[in-house]
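Notes follow the structure.
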Amino acid sequence: MQNEKNHYNPSMSRFGQYLIDTFQFSSDESEEIMYAMKEPIGKSIRINTRKIALTDFKIHAKKQGWILTDTDIPEVFLIDRDDTTIALGNTIEHMAGWFYIQEVAAAHPPFLLHSEVQKKNPIHHGIIIDMCAAPGGKTTQLADYFADSLIIANEVNRTRTPQLFDNLDRMGYDNIAVVSCDGRFFQNFPDFFDAVLLDAPCSGEGTAFRDSSVIDHWNEKNIHRIAKLQKQLIETAETIVKPAWMISYSTCTLNTIENEEVIDSRLQQENTGLKEIFRKRFWPHIEHTGWFFASIFQKKKTENIHHEYPILAAQGQKNLIVTPATKWERETVERFISKHLKTKLKDGFLYLTKDGVYFNQKNLGPLADYFYFVHAGARIGTMKKNIFTPMNHLFWCVEDTSSIIPLEVTSEMWNEILARKSVKTTSQDGYYSLTYCGRNIGIGEVRKGEFLWI
Ligand SMILES: C[S@@+](CC[C@H](N)C(=O)[O-])C[C@H]1O[C@@H](n2cnc3c(N)ncnc32)[C@H](O)[C@@H]1O
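Start counting at 1 in the sequence shown, then tack on 55, and there's your number in this note's numbering.
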C-alpha cells in the first residue's frame with residue numbers, strides 16, 4: 056500500500072502542488088486526497104419513481120439479494136450485489152428503466168435545486184432548462200422531481216446526444232424535450248426559464264477514479280480556458296432565468312478556478328442579479344465520492360419586463376428535427392393501440408423524428424419557433440412507410456393496461472435475450488404486458504414463437 060501511495064506523491068505532480076498551494080494542505084493531506092481521488096468508489100443508483108415506488112424497489116432489491124444503503128437523497132442508494140454475473144447496466148431492472156446508475160455527489164445539483172425551489176417558489180407547469188445535458192443523469196432526475204413541468208435538455212455535442220437519447224428512451228419520462236446548441240445561444244431568451252441547471256463542461260478532476268489520466272495531464276492553462284466558457288455560461292444562466300427563480304451551477308472538478316472563481320466573478324459584478332443561497336464541495340477522501348462542486352443561486356427580483364423573443368429560423372440538420380404528428384399519423388398510432396392493446400393513448404401530444412414516435416404530456420408547439428427539438432420525451436415506437444411499430448415504453452403512455460395480456464419475463468428468459476435478443480416461447484403471437492417478479496416492465500412482442508424485447 057505504501058508503495059502504491061508513493062506513486063501519487065504530490066511532489067511529482069503539478070496537480071498535487073496546486074492542492075498544496077490553493078487549499079494549504081500539507082503534502083501528506085494532499086497525497087491522501089490524490090490517493091482517494093483515484094480509488095474506485097461505491098456504485099450508486101437513482102430510482103425512477105415514475106416506474107416503481109421506492110418501497111417496491113426496496114422490497115424487490117432485497118429479494119434479489121441486493122444490499123441498498125441510504126444516502127442523503129431519498130431516491131439514491133449505494134448498491135452492493137454478490138452475484139455480478141450480469142453487469143448492473145445489463146440487468147432487466149436497468150433495461151426497464153427502473154433506475155439510473157448515478158454517483159451520489161453528481162445527484163446533488165438537481166436534488167438541491169428542487170429542494171430550494173420547493174422552499175422558496177414551487178414550480179408548477181414551468182419550463183426548466185438543463186443547459187449541458189448528456190448523458191442525462193441530471194435531466195432525468197429533474198424530470199422526476201418536476202413531474203408537471205417541461206424539462207428542456209440541451210446537449211451541444213452531437214457525438215454525445217446518442218447516449219442521452221438512449222438514457223431518455225430507457226427511462227421514458229414524458230416531460231423532456233431535447234435541443235442541441237451551444238449553451239450561450241440561450242442568451243437570446245432573457246427571463247424565460249423557471250429554473251436553470253448548469254452542470255458545466257469542466258476539466259473533470261473529480262472523475263479521476265474513472266480515468267486517472269485527467270490528473271496526469273493536468274494543466275492550469277487548459278483550466279483557465281474552460282473557466283472562460285463557464286463564466287459565459289453562468290452569465291447566460293443568469294440572463295435566462297426568471298426574476299426570483301433559481302439556478303444550479305456545478306462541476307465535477309475541484310480546482311477553485313472553475314468553481315469559486317467563476318461564481319465569485321459573477322457575484323462581484325456591480326450589476327450582478329444573483330444571490331447565492333448554497334455552496335458545497337464534495338471531498339473524495341471525506342465523502343468517498345467523486346470530487347464535486349455544487350451551488351444554488353436565486354435571481355434577484357426585478358420589475359417584470361416584457362420581452363419579445365426572436366423567432367429563429369431552423370438551421371442545419373432539418374431532417375433530425377421533431378415535428379408534431381399529423382392527424383393521420385396520430386390516428387395510425389391510436390388504431391394500433393386500440394387494436395393490439397385494447398386501450399387508448401393517455402392525454403398528451405405525439406411527435407415524430409425520422410427515428411421515432413414520441414409521447415409528451417406537454418404541447419411543444421408554441422416553443423417550436425424558438426427551439427429545434429431533436430427528441431421529444433417518451434419514445435413509444437417508430438413510423439416507417441406509414442407503419443407504426445411499438446416500443447417497450449408505449450406501455451406507460453396508454454390509459455389502461457389491464458386488458459393487455461400479461462407475460463412474465465423470467466431471469467432465464469432475460470439471460471437468453473441478452474445472449475440472442477429473442478427467446479423461444481409457446482405464447483401466441485401478439486403484444487404483451489411484461490412483468491418481472493410480478494411488476495410491470497413495459498410491453499413486449501411474441502412473433503413466430505419468439506419473444507422479443509422491443
Ligand atoms: C459535465 S457534462 C454534463 C453531464 C450531465 N449533466 C449529466 O448529469 O449526465 C458537460 C456537458 O457540457 C457539454 N458542453 C460543452 N460545451 C458546451 C457549451 N458551450 N454549451 C453547452 N454545453 C456544452 C459537453 O458536451 C458535456 O456533455
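Cβ atoms here follow ideal geometry from the backbone N, Cα and C, with glycine treated the same way.
7 Å Cβ shell around residue i - same chain, five flanking residues per side excluded
i    : result
T194 : D185, A188, I206, A208, I231
T327 : R321
V172 : I178, A250, M301
T53  : The structure shown does not extend to residue 53, since the chain is modelled only from 56 through 509, so no value can be given for it.
L74  : P65, F80, S85, I88
T291 : G238, R239, F241, Q242
Burial state of residue i (16 or more Cβ within 10 Å)
i    : result
L44  : The displayed coordinates of the chain run from 56 to 509. Any statement about residue 44 would go beyond what the structure contains.
D221 : exposed
Y364 : exposed
K440 : exposed
A282 : buried
P190 : buried
R434 : buried
N415 : buried
H179 : exposed
G436 : buried
T308 : buried
A142 : exposed
E293 : buried
G499 : buried
S458 : exposed
I460 : exposed
T357 : exposed
R475 : exposed
Q323 : exposed
S258 : buried
I420 : Per the sequence shown, the amino acid found at residue 420 is Gly instead of Ile. G420 is exposed by the Cβ-count criterion.
R101 : buried
E463 : exposed
Cβ-based neighbour list, residue i, same chain, cut-off 6 Å, excluding 5 preceding and 5 following
i    : result
Q287 : R239
G371 : At G371 the pLDDT is 48, less than 50, meaning the model places this residue with poor confidence; the figure from the coordinates comes in the next sentence. Taken in chain order, the list of residues that qualify is empty.
T445 : First, the residue type needs correcting, since residue 445 is Pro and not Thr in the sequence shown. Closer than 6 Å at the Cβ level, and outside the excluded window around P445, lie G436.
G97  : L133
W469 : I147
In DSSP terms, what residue i is bridged to
i    : result
D185 : A208, L252
I392 : Partner(s): none; I392 has no beta bridge.
H430 : V233
R336 : F348
V478 : F506
K175 : BP columns for K175 are empty, so no partner.
I318 : Looking at the DSSP assignment, I318 forms no beta bridge with any residue, so it has no partner.
T387 : Bridge partners of T387: none, in fact.
G485 : V501
Y304 : L253, S350
K330 : Q353
V453 : L400
T378 : L407
Residue i: first and last residue of the uninterrupted alpha helix (DSSP H) it sits in
i    : result
G493 : Here G493 belongs to no alpha helix (DSSP H), and DSSP marks it neither H nor E.
W37  : Nothing about residue 37 can be read from this structure; the chain reaches only from 56 to 509.
P217 : 216 to 226
Q200 : For the sequence presented, residue 200 should be read as Tyr rather than Gln. Segment 192 to 200, the alpha helix (DSSP H) holding Y200.
S268 : 268 to 271
G71  : 69 to 78
Contact set for residue i: own chain, Cβ-Cβ below 8 Å, skip 5 residues either direction
i    : result
Q483 : V501
P165 : K193, Q196, L197, Y200, L252, S303
K399 : E389, I392, S393, V453, E454, D455
V412 : A380, E384, V388, L405, Y406, R434, I435, G436, T437, M438, F443
N418 : F404
G120 : R136, D137, D138
D271 : S68
E505 : S477, V478, K479, T480
K118 : C492
T408 : L375, I376, V377, T378, V429, H430, A431
Delimiting residues of the beta strand (DSSP E) encompassing residue i
i    : result
T437 : 433 to 439
I442 : 442 to 445
N277 : Unbroken run through N277 is the alpha helix (DSSP H), 275 to 295; no beta strand (DSSP E).
Y413 : 412 to 415
E463 : 461 to 463
L405 : 404 to 407
Beta carbon proximity, residue i to chain C, threshold 8 Å
i    : result
W451 : The structure shown contains no chain C, having only a single protein chain.
(message) I'd like the ranges of any alpha helix (DSSP H) spanning at least 4 consecutive residues and lying wholly in the region 91 to 172.
(response) If we require 4 residues or more, the alpha helix (DSSP H) runs fully inside the region 91 to 172 come out as 109 to 119, 147 to 150.
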